[in-house]
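Structure first, commentary second.
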Amino acid sequence: MHEAFQHDFETGRWSGRIGFALHGVSFGIRFDDAAAGEVVRRIVPRAALPSDYLSSEHRFSLISAGGDGANGLFFDTRDFEPVLKFDRLDGGTEKGLETKFQFALALAAAPRLFFLHAGAVAIGNIGVLVLGRTGSGKTTLVGELLRRGADLCTDDCAILDPAGNLYPNPAPLAVRTGDGRAFRGPEEFGSIAASRVVPVALVVAARYEHGAAWAPEAEASGGGAFNVLGNLFYPPAIREFPRETLGFAGLIAKRGIYSGTRGEATEVAEWIFGTIGRGHG
Amino acid sequence: MEKLQEETMTNSQIPKARKNGLVIQETGDEVLVYDVDSNRAHCLNRTAAFVWKSCDGRRSVPEIAALLGKELANKVDEDLVWLAIDQLSNESLLESGIRLKRSGFSRRDAIRKIGLAAAVTLPVVAMLSFPNGALAVTCAASYCGTNDPGNGCGGGQYCCNSGGLYRCQVAPCSTPC
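Residue numbers (this note's numbering), protein chains in the order written: chain A, 1 to 281; chain B, 282 to 458.
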């Protein structure tokens, strides 16, 4: 595989390449036709900054005109591990490609950065994480926090460093609708995308249950850390960096993790602002 | 599993905590353990963590119970320690080859008995399993239950929860997300 890629590269198979850096970690991706290049530009995280492809630490190849069985996204610097294989690079494939590309970025960035399956906002100079699996009402709560003046860090994938600092990774909120999802920018909630790094000071794990009242319990540090581990965006990454990942989870847990069932998101949002206002963190 | 074999205590029943292949992180009174071999993480609550750390291969169960009693400033029944040992052993956190059985011990009975006394928190060893899978076979938890192209599986496959792991499969999910 490696030789073939190298050969093709030298004979001009690639139509272009893009380098970018995400909070200090550099990536490069090459592609084999112009349409694929447009897809790459759309799936690169919005918080990324342009970088030099050739000196990037982690490189990928996107092949979309390779013919039967050859198309896909490959992680070159991990021995060309397939990230996603596909027949045709269409709209549906692009959505999946974006998801898988984020998995790969999470894997590559560890342990300098940790990606969590969480919503996140900045309230003043304080970061708040909203943990939760699919269907837990994470996006609704993030939307409510934005309405009250928080800035959007992320709706779904929080990026943090080992010291617990939260980095912006803004993308439109994926709001559930009757027939799927609608994507809504922070401005639709009267907010903006965060552009600064803030320390996480509060973590909320709220699970929606119709009619429930929000009476959160502070999780013990081990249980809280366990909750963080259960929300790693790309869980297999722990295998490569177990010590660092456990340390990170323990550190986040010490900042304060509150969990419980919630009814209306407004109640939790009010509690979050009140808790921060009382000097938590 | 409920009714364990009847045996008398011998030296082979002195519990010893496993250390090899584990990454350990203490967080307050609790302990996080990552098992490199099984790719699983465990969270030991205060009681389970104390028992585990006391399993040095020299102390007997009654001695550990006495130590735990001092730590918690409460009388501790040996069954509480056996309950912890039972869970630690099940999760491979004790050295193998040690036959940790006690005459007439039943986990259900122990929980009932100790739970009624309720002066001490029952030992709990929680477990979280991580996927070994390569990038290509894992999918996005936020798309669980769907064959939405955004789930990252490609080819219309479903993203399903498999014991806390999110994996791609051809058939619709049979487990809740």
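Where is the CB? At the ideal position from N, CA and C, for every residue including glycine.
Candidates the options: closest to residue i by CA position
i                 : options                               : result
Glu372 of chain B : B:Tyr424, B:Asp390, B:Met408          : B:Met408
Ala212 of chain A : A:Phe248, A:Glu267, A:Arg176          : A:Glu267
Pro82 of chain A  : A:Gly91, A:Leu97, A:Asp90, A:Gly92    : A:Leu97
Glu94 of chain A  : A:Leu116, A:Ile63, A:Pro111, A:Ser259 : A:Ile63
Leu89 of chain A  : A:Tyr53, A:Gly67, A:Asp155, A:Asp79   : A:Gly67
Glu219 of chain A : A:Gly19, A:Glu144, A:Ala253           : A:Ala253
Asp76 of chain A  : A:Leu113, A:Ala118, A:Leu105          : A:Leu105
Arg262 of chain A : A:Gly92, A:Lys138, A:Phe60, A:Ser15   : A:Lys138
Gly431 of chain B : A:Gly19, A:Phe233, A:Pro216, A:Lys100 : A:Lys100
Tyr167 of chain A : A:Ser26, A:Ser136, A:Gly135, A:Val200 : A:Val200
Glu352 of chain B : B:Cys441, B:Arg339, B:Ser335          : B:Ser335
Asp358 of chain B : B:Trp333, B:Ser370, B:Thr402          : B:Thr402
Ala48 of chain A  : A:Ala174, A:Gly19, A:Phe60, A:Ser61   : A:Gly19
Ile332 of chain A : B:Gln450, B:Asn320, B:Trp333          : Any question about residue 332 of chain A goes unanswered here, given that chain A covers just 1 to 281.
Chain B contact for residue i (CB, 7 Å cutoff)
i                 : result
Met1 of chain A   : Confidence in Met1 of chain A is poor, its pLDDT being 36 and thus under 50, which makes the residue's placement unreliable; the coordinate value appears in the next sentence. Cβ-Cβ to chain B under 7 Å: no for Met1 of chain A.
Gly230 of chain A : yes
Gly279 of chain A : no
Phe104 of chain A : According to the sequence displayed, residue 104 of chain A carries Ala and not Phe. Yes, Ala104 of chain A counts as interfacial toward chain B.
Leu131 of chain A : no
His23 of chain A  : no
Phe86 of chain A  : yes
Val83 of chain A  : yes
Gly92 of chain A  : yes
Phe5 of chain A   : Any reading at Phe5 of chain A must be qualified, since the residue scores a pLDDT of 44, below 50, and its modelled position is unreliable; the value itself is stated next. Chain B, which has no Cβ nearer than 7 Å to the Cβ of Phe5 of chain A, makes this no.
Gly286 of chain A : Since the first and last residues shown for chain A are 1 and 281, residue 286 of chain A lies out of range.
Nearest-angstrom Cα separation, counted from residue j out to residue i
i                 : j                 : result
Ala265 of chain A : Thr140 of chain A : 7 Å
Arg46 of chain A  : Ile159 of chain A : 13 Å
Leu250 of chain A : Ala34 of chain A  : Going by the sequence as given, residue 250 of chain A is Gly instead of Leu. Their backbone Cα atoms lie some 45 Å apart in a straight line.
Leu146 of chain A : Phe31 of chain A  : 37 Å
Glu209 of chain A : Ile345 of chain B : 42 Å
Ala122 of chain A : Lys297 of chain B : 47 Å
Leu152 of chain A : Val204 of chain A : 16 Å
Gly436 of chain B : Val418 of chain B : 12 Å
Glu188 of chain A : Asp360 of chain B : 58 Å
Ala4 of chain A   : His58 of chain A  : Note that Ala4 of chain A scores 43 on pLDDT, short of 50, meaning its location in the model is unreliable and no value can be drawn from it.
Ser191 of chain A : Gly69 of chain A  : 44 Å
Arg13 of chain A  : Leu202 of chain A : 49 Å
Tyr258 of chain A : Ala36 of chain A  : 43 Å
Asp8 of chain A   : Phe74 of chain A  : Because Asp8 of chain A sits at a pLDDT of 48, beneath the cut-off of 50, its placement in the model cannot be relied upon, and the point is left open.
Asp179 of chain A : Asp87 of chain A  : 26 Å
His2 of chain A   : Gly277 of chain A : In this prediction, His2 of chain A has a pLDDT of 38, which is less than 50 and means its spatial position is unreliable; what the coordinates show is noted afterwards. Their Cα atoms are separated by approximately 55 Å.
Gln306 of chain B : Asn71 of chain A  : 42 Å
Cys458 of chain B : Leu22 of chain A  : 31 Å
Arg315 of chain B : Gly143 of chain A : One detail in the question is off: residue 315 of chain B reads as Tyr in this sequence, not Arg. Whole-angstrom Cα-Cα distance: 35 Å.
Val130 of chain A : Phe226 of chain A : 15 Å
Gly247 of chain A : Leu325 of chain B : 16 Å
Val362 of chain B : Gly230 of chain A : 28 Å
Phe331 of chain B : Ala354 of chain B : 13 Å
Ile392 of chain B : Asp156 of chain A : 40 Å
Ala452 of chain B : Ala422 of chain B : 17 Å
Phe273 of chain A : Pro172 of chain A : 22 Å
Thr308 of chain B : Gly223 of chain A : 9 Å
Arg176 of chain A : Asn301 of chain B : 46 Å
Ser341 of chain B : Arg243 of chain A : 31 Å
Ala174 of chain A : Leu232 of chain A : 19 Å
Beta carbon proximity, residue i to chain A, threshold 7 Å
i                 : result
Phe331 of chain B : no
Thr427 of chain B : no
Val451 of chain B : no
Tyr315 of chain B : yes
Ser335 of chain B : no
Gln438 of chain B : no
Val406 of chain B : no
Thr308 of chain B : yes
Ala322 of chain B : yes
Cys454 of chain B : no
Cys441 of chain B : no
Lys284 of chain B : The predicted model places Lys284 of chain B with a pLDDT of 42, which falls under 50 and marks its position as unreliable, so this point remains unresolved.
Ser319 of chain B : no
Val304 of chain B : yes
Glu352 of chain B : no
Residue i CB to nearest heavy atom of the ligand NAP below 6 Å
i                 : result
Ser373 of chain B : Among the ligands in the structure shown, none appear at all, so the ligand NAP cannot be discussed.
Taking beta-carbon pairs under 8 Å, can you tell me which members of the region 233-259 of chain A lie near chain B? Hits within the stretch, in order: Tyr234, Pro235, Pro236, Ile238, Arg239, Pro242, Arg243, Thr245, Leu246, Gly247, Ala249, Gly250, Ala253, Lys254.
Contained beta strand (DSSP E) runs [length at least 3] in the region 303-377 of chain B, N- to C-terminal order: Every beta strand (DSSP E) of 3 residues or more that sits fully in the region 303-377 of chain B is shown, in chain order, as 303-308, 311-316, 321-325.
Using Cβ-Cβ distances below 7 Å, what residues of the region 207-228 of chain A are close to chain B? Result list: Ala220, Ser221, Gly222, Gly223, Ala225, Phe226.
Residues from the region 127-159 of chain A in contact with chain B, defined by Cβ distance under 7 Å: Flagged, chain order: Arg133, Thr134, Gly135, Asp156.
Residues from the region 359-370 of chain B in contact with chain A, defined by Cβ distance under 9 Å: Under the 9 Å Cβ criterion, the region 359-370 of chain B contributes no residue.
What residues from the region 55-79 of chain A come within 8 Å of chain B, judged by C-beta to C-beta, listed N to C? Residues Phe75.
Which runs of the beta strand (DSSP E) spanning at least 3 residues fall entirely within the region 228-280 of chain A, listed in chain order? DSSP runs (the beta strand (DSSP E)) wholly in the region 228-280 of chain A: 257-262.
What residue ranges within the region 79-143 of chain A form continuous alpha helix (DSSP H) runs of no fewer than 4 residues, ordered along the chain? Fully contained in the region 79-143 of chain A are the following alpha helix (DSSP H) runs of length 4 or more, in chain order: 91-109.
Counting only Cβ-Cβ distances shorter than 8 Å, please list the residues of the region 410-426 of chain B near chain A, keeping chain order. Taking 8 Å as the Cβ-Cβ cut-off against chain A, the residues of the region 410-426 of chain B that qualify are Phe411, Pro412, Asn413, Gly414, Ala415, Leu416, Ala417, Thr419, Cys420, Ala421, Ala422, Ser423, Tyr424, Cys425, Gly426.
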